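Peer 1: Questions regarding the structure given below will be posed in turn.
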Amino acid sequence: MSTRNKILGLIFLVAVLAFALFVAKRLLFQTGPKRGGVTALPPRTSSPVTTPALPKPSAAVPVPSSPVPSSNGQAQEPTPAARVAAAGAAKAPSAVPKGSATATEDRTLQLQLGAGVRLWIRVTFINRKPDGSFTFRGTLLQPVALANTNQLDQGSEVSGSGTVNNGHVTVLLTGFTVGGANYALRQDEANESNRHPGTGLAVELAPGKLLEVWLASSSVYRKTP
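Written out as structure tokens, the structure reads:
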């Protein structure tokens with residue numbers, strides 16, 4: 057065999073080997089990664105799942121006293137600790153301060169004027185008698201501060217009586233009308249001999265039109281039906 061034929065045979069053999077190697081690699085890559093017709097993916101490391109922390113039960117929340125159903129559907133009786141917690145929550149004192157209801161009732165049922173309070177009264181009606189006494193009705197020209205609530209508003213109605221002796225005017229305020237509600241002077245205080253609630257010296261700035269009154273002592277006016 058000639059040298060030329062040997063070289064051609066060697067080249068052909070190398071080409072056959074190269075083609076066989078290419079076919080083998082192609083088949084290996086097509087069948088190796090697949091399992092059961094599904095491409096196998098590399099395993100992925102999963103991060104740990106963090107369970108959210110449940111809030112601790114508050115002592116202010118009462119524990120139910122009724123049976124609690126369990127996972128198997130049967131009712132479970134509450135534990136003794138749960139019963140004690142529920143009883144303690146039921147006996148817990150209310151956050152409402154004591155006396156608040158009484159204070160509200162006092163503000164709505166009576167008016168309390170302190171000693172020395174000055175009232176400006178615009179007279180709307182006056183009835184004078186020969187002996188110098190008189191009765192009158194009028195309205196407040198200015199708000200008046202009260203001891204048990206904010207104030208008597210301007211325009212509140214007031215009624216009373218008075219006497220004139222040697223030019224000195226003494227007035228007794230017998231009642232007020234506020235928001236359609238009538239308040240009368242407490243009779244138990246009015247009958248005390250050493251005190252004169254509702255009474256005070258007055259000045260007629262304009263006779264029959266305007267009175268300025270100073271209360272001599274603390275006075276309470278209770279709401280009437």
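Residue numbering for the sequence shown follows our numbering, starting at 57 and increasing by one per position. Idealized CB from N, CA, C, for every residue including glycine. Only a predicted model underlies this, so the values are computations on that prediction, with no experimental measurement involved.
1) Since valine 220 and leucine 208 are thought to touch, with beta carbons under 8 Å apart, how far apart are those beta carbons, to the nearest angstrom?
2) So, is phenylalanine 181 buried or exposed, given that buried needs 16 or more other C-beta atoms within 10 angstroms?
3) With distances taken from CA atoms, which of Leu202, Leu167 and Leu261 is nearest threonine 280?
4) Anyone know if the C-beta pair for serine 212 and phenylalanine 232 falls short of 8 Å?
5) Counting only beta-carbon separations shorter than 8 Å, does leucine 73 have a partner in chain B?
6) So what's glycine 38 in DSSP terms, helix, strand or just coil?
7) Tell me the rounded alpha-carbon separation between alanine 74 and isoleucine 63.
8) Counting only runs that start and end within the segment 175-224, where is the beta strand (DSSP E) found for 3 or more residues in a row?
9) Look up threonine 59 in the DSSP assignment and say whether it is helix, strand or coil.
10) Just confirm the distance between the C-beta atoms of glycine 218 and leucine 228, as a whole number of angstroms; I'd bet it's less than 8 Å.
Peer 2: Well, looking at it:
1) The C-beta distance from valine 220 to leucine 208 rounds to 26 Å, too long to meet the 8 Å contact threshold.
2) exposed
3) Leu167
4) yes
5) The chain inventory of the structure shown lacks chain B, comprising one protein chain alone.
6) This structure cannot speak to residue 38, because the chain is shown only from 57 to 281.
7) 17 Å
8) Taking 3 residues as the minimum length, the beta strand (DSSP E) runs contained wholly in the segment 175-224 are 190-196 and 213-221, in order along the chain.
9) helix
10) 7 Å
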